[in-house]
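**Student:**
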Amino acid sequence: MEKRPDSHQTAEVFLDATEMRGTGELIIELEGVDKYFGDFQALKGINMKVARQEVVVVIGPSGSGKSTLIRCINRLETHDRGRIVVDNTELTDDIRRIQEVRAETGMVFQQFNLFPHLTVIDNITLGPRHVRNMPKKAAEDLAMEILTRVKIPEQAHKFPGQLSGGQQQRVAIARSLAMNPKVMLFDEPTSALDPEMIKEVLDVMKELARSGMTMLVITHEMGFAREVADRVVFMADGEIVEVGTPEHFFRNPKEERTRLFISQIL
Amino acid sequence: MTGRPFMEPGLEEPILVIDEGRRDKLPPGKWVRRHLFNSWHNTLVTVLLVLLLGYAAYRFGLFLFVNGRWSPVRRNLTLFMVGRYPREELWRIVAQVVIWSGTIGLAWGVAIAGASFRASQTGVAYREDPLLTKVRRYWGLLGLLLLLLLLTESFGPLILALVAIGVGALLQVIGKRVPGQYADLMWAAVGVLAVGGYQIVSGFHGRGWIWMATPLALGAVRLVGRIAWTDPRRERLMQLGVVAGVFGIGYVAYSMLDLEGVGWDHWEGLHLNLIVATVAIVLAFPLGLLLALARRSSLPALRVMATSYIELIRGVPLISLLLMAQFFIGFFLNTTTPLSALTRAIAAFTLFTAAYIAEIVRGGLQSVPKGQIEAGQSVGLSPFRVTRSIVLPQALRAVIPAMVGQFIALFKDTSLLSIIGMAEILQVRALVHAQAEFRGFGIAETLVFVMLAFWAFSFTMSRESQRLERKLGIGER
Ligand SMILES: Nc1ncnc2c1ncn2[C@@H]1O[C@H](COP(=O)(O)OP(=O)(O)OP(=O)(O)O)[C@@H](O)[C@H]1O
Ligand SMILES: [Mg+2]
Numbered sequence: 210m211e212k213r214p215d216s217h218q219t220a221e222v223f224l225d226a227t228e229m230r231g232t233g234e235l236i237i238e239l240e241g242v243d244k245y246f247g248d249f250q251a252l253k254g255i256n257m258k259v260a261r262q263e264v265v266v267v268i269g270p271s272g273s274g275k276s277t278l279i280r281c282i283n284r285l286e287t288h289d290r291g292r293i294v295v296d297n298t299e300l301t302d303d304i305r306r307i308q309e310v311r312a313e314t315g316m317v318f319q320q321f322n323l324f325p326h327l328t329v330i331d332n333i334t335l336g337p338r339h340v341r342n343m344p345k346k347a348a349e350d351l352a353m354e355i356l357t358r359v360k361i362p363e364q365a366h367k368f369p370g371q372l373s374g375g376q377q378q379r380v381a382i383a384r385s386l387a388m389n390p391k392v393m394l395f396d397e398p399t400s401a402l403d404p405e406m407i408k409e410v411l412d413v414m415k416e417l418a419r420s421g422m423t424m425l426v427i428t429h430e431m432g433f434a435r436e437v438a439d440r441v442v443f444m445a446d447g448e449i450v451e452v453g454t455p456e457h458f459f460r461n462p463k464e465e466r467t468r469l470f471i472s473q474i475l
Numbered sequence: 002m003t004g005r006p007f008m009e010p011g012l013e014e015p016i017l018v019i020d021e022g023r024r025d026k027l028p029p030g031k032w033v034r035r036h037l038f039n040s041w042h043n044t045l046v047t048v049l050l051v052l053l054l055g056y057a058a059y060r061f062g063l064f065l066f067v068n069g070r071w072s073p074v075r076r077n078l079t080l081f082m083v084g085r086y087p088r089e090e091l092w093r094i095v096a097q098v099v100i101w102s103g104t105i106g107l108a109w110g111v112a113i114a115g116a117s118f119r120a121s122q123t124g125v126a127y128r129e130d131p132l133l134t135k136v137r138r139y140w141g142l143l144g145l146l147l148l149l150l151l152l153t154e155s156f157g158p159l160i161l162a163l164v165a166i167g168v169g170a171l172l173q174v175i176g177k178r179v180p181g182q183y184a185d186l187m188w189a190a191v192g193v194l195a196v197g198g199y200q201i202v203s204g205f206h207g208r209g210w211i212w213m214a215t216p217l218a219l220g221a222v223r224l225v226g227r228i229a230w231t232d233p234r235r236e237r238l239m240q241l242g243v244v245a246g247v248f249g250i251g252y253v254a255y256s257m258l259d260l261e262g263v264g265w266d267h268w269e270g271l272h273l274n275l276i277v278a279t280v281a282i283v284l285a286f287p288l289g290l291l292l293a294l295a296r297r298s299s300l301p302a303l304r305v306m307a308t309s310y311i312e313l314i315r316g317v318p319l320i321s322l323l324l325m326a327q328f329f330i331g332f333f334l335n336t337t338t339p340l341s342a343l344t345r346a347i348a349a350f351t352l353f354t355a356a357y358i359a360e361i362v363r364g365g366l367q368s369v370p371k372g373q374i375e376a377g378q379s380v381g382l383s384p385f386r387v388t389r390s391i392v393l394p395q396a397l398r399a400v401i402p403a404m405v406g407q408f409i410a411l412f413k414d415t416s417l418l419s420i421i422g423m424a425e426i427l428q429v430r431a432l433v434h435a436q437a438e439f440r441g442f443g444i445a446e447t448l449v450f451v452m453l454a455f456w457a458f459s460f461t462m463s464r465e466s467q468r469l470e471r472k473l474g475i476g477e478r
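Taken in sequence, the protein lines are chains P and A.
The first sequence begins at 210 in our numbering and counts up by one.
The second sequence begins at 2 in our numbering and counts up by one.
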């Protein structure tokens, strides 16, 4: 694994360092990242840095490239130009290294993507057992512990199809947490949920943020952003338009496009 | 599969009811009135169909019980079952039937034990089907058995059937009682029994050890895998020792028996159809799976090879492949192959079916949503693990009916063995009518009998596939 010198001196961070929480040590770094789908450019020269223990919320209109951005971070999409470094490992074609990065990077999808043929506990233990080579018993103990943390230990032996949407999404979060990741990526985790289930998922995410997890969250839940985000990133047309604290965004955003977007979603 | 009716707005009755929901729980009288006589045109259709069916049943009954000349079947039952297999060696087949019945019983019992163990972990009580349900489930096969017993002229087959069922039932009970941690051991025993059942007929022929060694090797690989990756090692090592021991004992016991046997080139009758179909299914499934994966591989060479193979095979009739394997393969391989005629035939069946299985499995692979693969990747699973634990289980489940359909077609196609001069059951019928006393006598009856034999197995396979599909669909939406 390519180790890079500790990066907090090099942190010519592209926003005020005082806005960064925690150690200021970087865990995700994107430099000039471009991404094309055929002729269409989905990401245009993205520069972004996330420090350990930060919670960053990404907002922006549909099609602005939010999903593409975080899918590049665990290489579900490959970027075409620029550098992406996650936990001191640059993402290249080296599949082993990518597997290592993915193991350290949890991902929660809008559509949950639980494995329908496996019980909840098997969904959760699959990673620990086959990536971390954990014995079955230990993996199951770990899974139960995490299920308790997301408040559904009693669902352990059901199949995903037997759970409500909110419960499924909490299982998906548990599945990521079981790998003990250093970063968690969320792609609109509550968009597919009925209103009464959104809260239970957001509560789990808030608890996670409080416990010091580094999180990169795409969401339109502005209450969540206001409460736990250290920074908010606004994207439009494949570019990062504006970055700032939640207060900055809600009080007086600089850019006209940001203002328009905020006024639409509030 | 929830059986929720699709309601047309403004209609009282659902116009389309899926699966289970079709059987509404009404008392028979009411059900008949509601579904068969609810309007004048439905009544008309019902009456007409009942008349038609009644007439057909009447004619068929007449044929079966009154006019039918069943003596060609009755007098040649052994011939239909095993062909010209040496009669003084017939005890081997008797032993095979008993051993395989026991094998099935044991496997069934172990499977039930496993299912009830998993259910108990889930906190759900496992409910075994009552005997009556099982009898109903296999009525096709049981009916065939009953028919055979009615047709025989001696008590031998009856005794054999009773002993075989008894042994099967006994081993099923044993299988159910064995504690879960010995499941591997029990499966090893199932393997030994299955191979033993084969060996008792075929004899050793110098290569018999391969048959013993194959399941042993598979079991060993599996256990080594487990030791290396997951479970506490000592306990597993001991189990490995025990499994090896079981095979060793089976092997020694077998080699002390009569080693002569009758090679499978001399197997005939229904016995032959069943063996060929079983072996070809067992071989074609993994081959088809590999072909399907190869066709989706990221390596172009592999992809092109798999695709050309599949398209080539699917473009030619099965008979041509059988003939090719039998008579002309020497033109290409330029050697005198030592393979026996039956081995070549089985190879042809396997290669043919594998191509179709590959296409069926490919359809299943494509039906697995991309998000499933991404979810697997995002926890850091290797491509192999994603395929093995996430994609394949879902893909295969989705194609069970199509795949079993292919297997049924294969079983029925074993009748083509007659074309390359092998006395499978349809060809046995020709032998029967070559006998002086049955020349041109009862030719429809013998054909109906052969059809019935094919139908009983095909129907059972089809029903089992539906049941498997339902069972595996538990908890999915
Ligand atoms: N696999 C793909 N092939 C082609 N174009 C794609 C693909 N994935 C995304 N795009 C395009 O890239 C752009 C950005 O997509 P992305 O999914 O990242 O947007 P988003 O900001 O997440 O939008 P939403 O809020 O609707 O989820 C869109 O215009 C989309 O059409
Ligand atoms: Mg998106």
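Idealized CB from N, CA, C, for every residue including glycine.
Predicted model, so just to flag it, every value in this text is computed and none were measured.
Assuming residue 410/P and residue 375/P form a contact by the criterion Cβ under 8 Å, report the distance between their Cβ atoms to the nearest whole angstrom.
**Tutor:** Residue mapping note: residue 410/P aligns to position 201 of the first sequence, counting from 1. Residue mapping note: residue 375/P aligns to position 166 of the first sequence, counting from 1. The pair is a contact, with the Cβ atoms about 6 Å apart (cut-off 8 Å).
**Student:** Can you tell me which of the three DSSP states residue 353/P falls into?
**Tutor:** What you label residue 353/P is simply residue 144 of the first sequence in a count that begins at 1. The answer is helix: DSSP assigns residue 353/P an H, G or I state.
**Student:** Cβ closer than 9 Å: which chain C residues qualify as neighbours of residue 335/P?
**Tutor:** Among the protein chains of the structure shown, namely P and A, there is no chain C.
**Student:** Measure the CB-CB distance between residue 81/A and residue 270/A and report whether it falls below 7 Å.
**Tutor:** The residue given as residue 81/A occupies position 80 in the second sequence. The residue given as residue 270/A occupies position 269 in the second sequence. Their beta carbons are under 7 Å apart, which means residue 81/A touches residue 270/A by this criterion.
**Student:** Using DSSP's beta-bridge definition, name the partner residues of residue 293/P.
**Tutor:** Within the first sequence, residue 293/P is the residue found at index 84, counting from 1. Looking at the DSSP assignment, residue 293/P forms a beta bridge with 239/P.
**Student:** In or out: residue 446/A buried (at least 16 other Cβ within 10 Å) or exposed?
**Tutor:** Within the second sequence, residue 446/A is the residue found at index 445, counting from 1. Buried: at least 16 other Cβ atoms inside 10 Å.
**Student:** Buried or exposed: residue 354/A, going by 16 or more other Cβ atoms within 10 Å of its Cβ?
**Tutor:** Along the second sequence, one-based indexing puts residue 354/A at 353. Residue 354/A comes out buried.
**Student:** Sorted by chain position, which residues of the same chain lie with C-beta nearer than 6 Å to residue 377/A's C-beta, five sequence neighbours on each side aside?
**Tutor:** As a first step, residue 377/A is located in the second sequence; it is residue number 376 there, counting from the start. For residue 377/A, where only same-chain residues beyond five positions count, the Cβ hits under 6 Å are 387 and 391.
**Student:** Just to check my reading of the structure: residue 117/A and residue 165/A have Cβ atoms closer than 8 Å, yes? What is that Cβ distance to the nearest angstrom?
**Tutor:** As a first step, residue 117/A is located in the second sequence; it is residue number 116 there, counting from the start. As a first step, residue 165/A is located in the second sequence; it is residue number 164 there, counting from the start. Residue 117/A to residue 165/A, Cβ: 25 Å. No contact.
**Student:** How would you label residue 238/P, buried or exposed, when you count the other beta carbons within 10 angstroms and need 16 or more for buried?
**Tutor:** Taking the first sequence and counting its residues from 1, the one referred to as residue 238/P is at position 29. Its Cβ being crowded by 16 or more others within 10 Å, residue 238/P is buried.
**Student:** Could you tell me if the beta carbon of residue 400/P falls within a distance shorter than 6 Å of some heavy atom in ligand 1?
**Tutor:** Working through the first sequence from its first residue, we reach residue 400/P at position 191. It does not: the Cβ of residue 400/P is nowhere closer than 6 Å to a heavy atom of ligand 1.
**Student:** Along the chain, where does the beta strand (DSSP E) containing residue 63/A start, and where does it finish?
**Tutor:** By 1-based counting over the second sequence, the position of residue 63/A is 62. Where residue 63/A is concerned, there is no enclosing beta strand (DSSP E), given that its DSSP letter is neither H nor E.
**Student:** What residue from 387/P, 440/P and 310/P has the CA that sits closest to residue 338/P's CA?
**Tutor:** For this step, residue 338/P is matched to residue 129 along the first sequence. Per the Cα distances, 387/P.
**Student:** If contacts are defined as beta-carbon pairs under 8 Å, then residue 395/A and residue 369/A qualify, I think. What distance do you get, rounded to the angstrom?
**Tutor:** Translated into positions along the second sequence, residue 395/A becomes position 394. Translated into positions along the second sequence, residue 369/A becomes position 368. Right, their Cβ atoms sit about 5 Å apart.
**Student:** At a CB-CB cut-off below 7 Å, which residues of chain P make contact with residue 372/A?
**Tutor:** Position 371 of the second sequence, counted from the start, is the residue given in the question as residue 372/A. Neighbours of residue 372/A on chain P, chain order: 318, 320 and 322.
**Student:** From the DSSP output, in three-state form, read off residue 319/P for me.
**Tutor:** Stepping through the first sequence from its first residue, residue 319/P is reached at position 110. Residue 319/P falls in the coil class under three-state DSSP.
**Student:** At a Cβ threshold of 7 Å, is residue 468/A touching chain P?
**Tutor:** Within the second sequence, numbered from 1, the residue matching residue 468/A stands at position 467. For residue 468/A, the answer is no, since every Cβ of chain P falls outside 7 Å of its Cβ.
**Student:** I'd like to know if the segment 383-403 of chain P and the segment 307-319 of chain P are in contact, where contact means that at least 3 CB-CB pairs between them fall below 8 Å.
**Tutor:** These segments touch.
**Student:** Under 8 Å by Cβ, that's how I've got residue 444/P and residue 267/P pegged, so tell me the actual separation to the nearest angstrom.
**Tutor:** In the first sequence, counting from the first residue as 1, residue 444/P sits at position 235. In the first sequence, counting from the first residue as 1, residue 267/P sits at position 58. At roughly 6 Å, the Cβ-Cβ gap stays under 8 Å, so residue 444/P and residue 267/P are in contact.
**Student:** Could you check whether residue 202/A and residue 97/A sit closer than 7 Å to each other, using their CB atoms as the reference points?
**Tutor:** Within the second sequence, numbered from 1, the residue matching residue 97/A stands at position 96. Within the second sequence, numbered from 1, the residue matching residue 202/A stands at position 201. Against a cut-off of 7 Å, the Cβ pair of residue 202/A and residue 97/A comes out as a contact.
**Student:** Below 7 Å between beta carbons: does that hold for residue 351/A and residue 281/A?
**Tutor:** Stepping through the second sequence from its first residue, residue 351/A is reached at position 350. Stepping through the second sequence from its first residue, residue 281/A is reached at position 280. It is a contact, given that the beta carbons lie within the stated cut-off.
**Student:** Measuring CB to CB, does residue 461/A end up less than 7 Å from residue 157/A?
**Tutor:** Indexing the second sequence from 1 puts residue 461/A at position 460. Indexing the second sequence from 1 puts residue 157/A at position 156. Going by C-beta atoms, residue 461/A is not nearer than 7 Å to residue 157/A.
**Student:** Report the neighbours of residue 311/P on chain A: residues whose CB is nearer than 9 Å to its CB, in chain order.
**Tutor:** Working through the first sequence from its first residue, we reach residue 311/P at position 102. 378, 379, 380, 381 and 382, listed in chain order.
**Student:** Should residue 379/A be counted as a contact of ligand 2 given a C-beta to heavy atom distance under 6 Å?
**Tutor:** Indexing the second sequence from 1 puts residue 379/A at position 378. For ligand 2, not one heavy atom lies less than 6 Å from the Cβ of residue 379/A.
**Student:** With H, G and I counted as helix, E and B as strand and the rest as coil, what does DSSP make of residue 256/P?
**Tutor:** Here residue 256/P refers to the residue found at position 47 when the first sequence is read from its first residue. Looking at residue 256/P - three-state DSSP - the assignment turns out to be strand.
**Student:** Smallest Cα separation from residue 423/P: which of 432/P, 366/P and 415/P?
**Tutor:** Reading the first sequence from its first residue, position 214 is the one you call residue 423/P. Out of 432/P, 366/P and 415/P, 415/P has the C-alpha closest to the C-alpha of residue 423/P.
**Student:** How would the residue list near ligand 1 read, in chain order, if you kept each one whose beta-carbon is closer than 5 Å to any heavy atom?
**Tutor:** My final list is 246/P, 251/P, 271/P, 272/P, 273/P, 274/P, 275/P, 276/P and 277/P.
**Student:** With 7 Å as the threshold, decide whether the Cβ of residue 394/A is near any Cβ in chain P.
**Tutor:** Taking the second sequence and counting its residues from 1, the one referred to as residue 394/A is at position 393. Yes, contact with chain P.
**Student:** Quick check: the segment 453-464 of chain P against the segment 429-440 of chain P, are at least 3 beta-carbon pairs closer than 8 Å?
**Tutor:** Because the criterion of three Cβ pairs below 8 Å is met, the segment 429-440 of chain P and the segment 453-464 of chain P touch.
**Student:** Taking a cut of 9 Å between CB atoms, which residues from the segment 358-388 of chain P lie near chain A?
**Tutor:** Within the segment 358-388 of chain P, the qualifying residues are 365, 366, 367, 368, 369, 370, 371, 381, 384, 385, 387 and 388.
**Student:** Following the continuous alpha helix (DSSP H) through residue 375/P, name the residue where it begins and the one where it ends.
**Tutor:** Position 166 of the first sequence holds residue 375/P. 374-386 is the extent of the alpha helix (DSSP H) around residue 375/P.
**Student:** Quick one: using the 10 Å Cβ neighbour count with 16 as the cut-off for buried, is residue 349/P buried or exposed?
**Tutor:** To locate residue 349/P, count along the first sequence from 1; it is residue 140. Answer is buried; the Cβ neighbour count reaches 16.
**Student:** Among 296/P, 383/P, 272/P and 265/P, which residue has its Cα nearest to the Cα of residue 251/P?
**Tutor:** As a position in the first sequence, residue 251/P is number 42, starting the count at 1. It is 272/P.
**Student:** Counting C-beta neighbours from all protein chains within 10 Å, is the total for residue 448/A 16 or more, i.e. buried, or is it exposed?
**Tutor:** Here the question's residue 448/A lines up with position 447 in the second sequence. So residue 448/A ends up on the exposed side.
**Student:** Assign residue 357/A to one of two classes, buried (16 or more other C-beta atoms within 10 Å of its C-beta) or exposed (fewer than that).
**Tutor:** Within the second sequence, residue 357/A is the residue found at index 356, counting from 1. So residue 357/A ends up on the buried side.
**Student:** Quick one: list the residues of chain A neighbouring residue 340/P, beta-carbon separation under 9 Å, in chain order.
**Tutor:** By 1-based counting over the first sequence, the position of residue 340/P is 131. Neighbours of residue 340/P on chain A, chain order: 380, 381, 382, 383 and 386.
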